[in-house]
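**Student:** Under the numbering used here, the first residue of the sequence shown carries the number 544, and numbering increases by one thereafter. Glycine included, each C-beta is placed from N, C-alpha and C at the ideal position. These numbers come from a predicted model, not from an experiment. Please read through the structure below; I'll follow up with questions.
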Amino acid sequence: MEAVLQTRGLLSLPPNPKAGFSHSSLGLKQRAFSTKPKTPTGSLSLSSSSSNGFQKFQTFAPKAHGLGPKERNLFVCRAEAAAADGFGDIETEERKFLGVEVSSLKKIVPLGLMFFCILFNYTILRDTKDVLVVTAKGSSAEIIPFLKTWVNLPMAVGFMLLYTKLSNVLSKKALFYTVILPFIAFFGAFGFVLYPMSSYIHPEALADSLLNTLGPRFLGPLAILRIWSFCLFYVMAELWGSVVVSVLFWGFANQITTYDEAKKFYPLFGLGANIALVFSGRTVKYFSNMRQNLGPGVDGWAMSLRGMMSIVVVMGFAICGLYWWTNAYAPLPIRSKKKKEKPKMGTMESLKFLVSSPYIRDLATLVVAYGISINLVEVTWKSKLKAQFPSPNEYSSFMGDFSTATGIATFTMMLLSRFIFEKYGWGVAAKITPTVLLLTGVGFFSLILFGGPLSPAIASLGMTPLLAAVYVGALQNIFSKSAKYSLFDPCKEMAYIPLDEDTKVKGKAAIDVVCNPLGKSGGALIQQFMILTFGSLANSTPYLGGVLLVIVLAWLGAARSLDTQFTALRREEELEKEMERAKVKIPIMSEGTENRSFATEPLLNPTLGDSTSSA
């Protein structure tokens, strides 16, 4: 604004500046809304000397530039104030509450409540699904790898195909309700209908006969048939996390928020998520301990399940109500209808791109290694957890404490992550997650493999080797997940920043197509191979520990290599920025020199000709 007023706005004013400012707001207002681009002040002043009328410029310019620094600044401030009077007629300041615009609060507050309800439900469902499939009669933790590969993955693919077709037919509001209401109906029906009838609808006799024929190695696959309704609950709970959280909520949040609002409030959603984790963990703990107050002969787990599913249904309808209110009353941003083309890469093209780029290959190794490592330890830990807590209520109560501790640890790590990034940099932050997983994994597998020799030392602590393994495994999962949410995920996203646009887009597409599914299913496939080869998960434990060691070491090597490349790219980017700043400083220096000369000599001297303009 200062550049415009100094050249075009002020040059067209009458010779008497003080008199002009009291009657020239209309002319300034019109010039303030001019569509001509702004250029640096010095270049405009020079060009004005040749383009504007000589008599006009000679009359006004010496007075303007003959002022001292204080008078000249006051002169410009008065002009800007006059222009601001023109703007004040059009723009009005938006109302604020606690420093935030009311229009933003109408979107952020219901979105935050929606996110709380969704993750509150997800924590209850995640803890309950493990209790159902692990502690059921004729089942064990060995069922989880087969469930994830042969049931969860096909249903996820089927849902995405159905969702794509529905999105072409239904409106966004109808699509939201069409997707979320079946989830709410299923979880309510499971607590009040399917679970009480489980003894009638599960083909236990058929599963027993098949198990006698095929042998104990097929306990996991046959358990899917034996407890099919529990497995259906497991899959629906998994889909709640991926569909309702990722697709419905984040899709709706990105639809109604602007970039500035997202940058300001999205991090708060992450902190709110961990608060929901703490509260839902306490809820699971409360309902799991209901059995202590019930009389003999009453199925305590059925009562607990009924209470938790009632809360899930109430929270589900609260999500729908918040979604309706936000669409009805919150102001929606105006979006450009122009769509950007996204690179579509098939599986083979993605693999080729991963192999050809060392940077993307190291980044892919990080993603795959985390998925495999956490899966190897988690399933083994849950098998020990069932041995220690065979009752569904005891198992569920422990999982409630586990969720609460995970929420507190993640909340704390999120607060510390900023200090870690600023103090130690990207490389140290990227190595913390595999280091934590390696140290806790070594302790966990050591207690399982060498529990006998360590029994006297563990007994002195008042624990058995099995209970010690359960606690160490719980700590391993808590610290690994908190490090993943607070450090690993930000490191992964930051690694894309210094890449060029083509590599950034293609690399992210390749990792989404290949590495995420491979990381999630890789651990399950390894465990299936071990179970079918060695007969059970317990017999496979030593080999799983060795596989974990190899994968984490490869993870650390990839993080070290990626840190070197990331640092080099960052230095190159900083060097380019410094070069750009050096280029910008050249006209600024000359402009300052010219401005200093303006105060001591006339801008145009007839005896010198148009030398200032040519300069």
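Does the pairing of the region 962 to 971 with the region 687 to 697 give three or more beta-carbon distances under 8 Å?
**Tutor:** Because the criterion of three Cβ pairs below 8 Å is not met, the region 962 to 971 and the region 687 to 697 do not touch.
**Student:** Secondary structure at I1040, three-state DSSP: helix, strand or coil?
**Tutor:** What you label residue 1040 is simply residue 497 of the sequence shown in a count that begins at 1. DSSP places I1040 in coil when its eight states are reduced to three.
**Student:** Whole angstroms is fine: what's the gap from L906's alpha carbon to L1105's?
**Tutor:** As a working note, residue 906 is residue 363 in the sequence shown. As a working note, residue 1105 is residue 562 in the sequence shown. Answer to the nearest angstrom: the Cα atoms are 7 Å apart.
**Student:** Quick one: using the 10 Å Cβ neighbour count with 16 as the cut-off for buried, is A952 buried or exposed?
**Tutor:** Residue mapping note: residue 952 aligns to position 409 of the sequence shown, counting from 1. It counts as buried.
**Student:** Alpha carbon to alpha carbon, what distance is there between A873 and K650?
**Tutor:** On the sequence shown, position 107 is the one that residue 650 refers to. On the sequence shown, position 330 is the one that residue 873 refers to. Distance between the alpha carbons of K650 and A873 is about 6 Å.
**Student:** So the alpha helix (DSSP H) T869 belongs to, where does it begin and stop?
**Tutor:** For the purposes of this step, residue 869 is taken as the residue at position 326 of the sequence shown. That run of the alpha helix (DSSP H) goes 843 to 872.
**Student:** Can you tell me whether F941 is buried or exposed? The criterion is at least 16 other CB atoms within 10 Å of its CB, across all chains shown.
**Tutor:** Position 398 of the sequence shown, counted from the first residue, corresponds to residue 941. Buried, by the Cβ-count rule.
**Student:** With a threshold of 7 Å between beta-carbons, can R669 be considered close to chain B, or not?
**Tutor:** Protein chains in the displayed structure number just one, and chain B is not present.
**Student:** Quick check on this structure: which residue in D1032, S989, A1026 has the alpha carbon closest to the alpha carbon of A1011?
**Tutor:** Numbered from its first residue, the sequence shown carries residue 1011 at position 468. Answer by Cα proximity: S989.
**Student:** According to the neighbour-count rule (16 or more other Cβ atoms, all chains shown, within 10 Å of its Cβ), is P935 buried or exposed?
**Tutor:** For the purposes of this step, residue 935 is identified with residue 392 of the sequence shown, where counting begins at 1. It counts as buried.
**Student:** In whole angstroms, give me the CA-to-CA distance for T908 and K927.
**Tutor:** Within the sequence shown, the letter at position 365 stands for residue 908. Within the sequence shown, the letter at position 384 stands for residue 927. Cα to Cα, the separation comes out at about 29 Å.
**Student:** Using beta-carbon positions only, say whether Y777 and K680 come within less than 7 Å of one another.
**Tutor:** Looking up residue 777 in the sequence shown gives position 234. Looking up residue 680 in the sequence shown gives position 137. Contact flag unset, no.
**Student:** Taking contact to mean 3 or more Cβ pairs, one atom from each stretch, closer than 8 Å, check whether the region 740 to 752 and the region 701 to 708 are in contact.
**Tutor:** Verdict: no, contact absent.
**Student:** Alpha carbons only, please: which of M657, D751, T1084 is nearest the one belonging to G859?
**Tutor:** For the purposes of this step, residue 859 is identified with residue 316 of the sequence shown, where counting begins at 1. Checking every option, the nearest Cα to that of G859 belongs to M657.
**Student:** From C1034, L662, M846, W867, pick the residue whose C-alpha is nearest to that of F812; which is it?
**Tutor:** In the sequence shown, the residue the question calls residue 812 occupies position 269. The candidate whose alpha carbon is nearest that of F812 is L662.
**Student:** Could you spell out the range, first to last residue, of the alpha helix (DSSP H) harbouring Y1028?
**Tutor:** As a first step, residue 1028 is located in the sequence shown; it is residue number 485 there, counting from the start. Per DSSP, Y1028 belongs to no alpha helix (DSSP H) and is neither H nor E.
**Student:** Under 7 Å Cβ to Cβ from F773, same chain only, skipping five residues before and after it: list those, please.
**Tutor:** As a position in the sequence shown, residue 773 is number 230, starting the count at 1. Once the five neighbours on either side are set aside, the close Cβ partners of F773 are L675, V676, A679.
**Student:** Using only alpha-carbon positions, find the residue among M1037, D1043, A684, G815 that is nearest to L958.
**Tutor:** The count along the sequence shown starts at 1 and reaches residue 958 at position 415. Residue G815 is the option with its Cα nearest to L958.
**Student:** Looking at the structure shown, is I1001 part of a helix, part of a strand, or coil, going by DSSP?
**Tutor:** Taking the first residue of the sequence shown as position 1, residue 1001 is located at position 458. In this structure, I1001 counts as helix in the three-state DSSP scheme.
**Student:** At a cut of 8 Å, does the region 983 to 1001 reach the region 1085 to 1099 through at least three beta carbon pairs?
**Tutor:** Cβ pair count under 8 Å is three or more, so yes.
**Student:** Measure the Cβ-Cβ separation of G1162 and G914 and say whether it is below 7 Å.
**Tutor:** In the structure displayed, the chain extends from 544 to 1158; residue 1162 sits before or after that span and is not available.
**Student:** Excluding the five sequence neighbours on either side, which residues of its own chain have a C-beta within less than 6 Å of the C-beta of R760, listed in chain order?
**Tutor:** To locate residue 760, count along the sequence shown from 1; it is residue 217. Cβ neighbours of R760 beyond the five flanking positions: L1075, G1078.
**Student:** Given a cut-off of 7 Å on the beta-carbon distance, is the pair A819 and F932 in contact?
**Tutor:** Along the sequence shown, one-based indexing puts residue 819 at 276. Along the sequence shown, one-based indexing puts residue 932 at 389. No; because the gap between Cβ atoms is not below 7 Å, this pair is not in contact.
**Student:** Which residues in the same chain as P1033 place their Cβ atom closer than 8 Å to its Cβ, once the five residues preceding and following it in sequence are excluded?
**Tutor:** Position 490 of the sequence shown, counted from the start, is the residue given in the question as residue 1033. Once the five neighbours on either side are set aside, the close Cβ partners of P1033 are S960, F964, A972.
**Student:** Return the chain-ordered list of same chain residues with a C-beta closer than 7 Å to the C-beta of A785, the five sequence neighbours on each side being excluded.
**Tutor:** As a first step, residue 785 must be located in the sequence shown, where it is residue number 242. For the record, residue 785 in the displayed sequence is Ser; it is not Ala. A699, listed in sequence order.
**Student:** Indicate the three-state DSSP secondary structure (helix, strand or coil) for E747 in the structure shown.
**Tutor:** Along the sequence shown, read from residue 1 onward, the residue named residue 747 stands at position 204. Helix at E747.
**Student:** With distances taken Cα to Cα, identify the nearest neighbour of A750 among T801, T978, L768, L737.
**Tutor:** For the purposes of this step, residue 750 is taken as residue 207 along the sequence shown, with counting starting at 1. Selected option, being the one with the closest Cα: L768.
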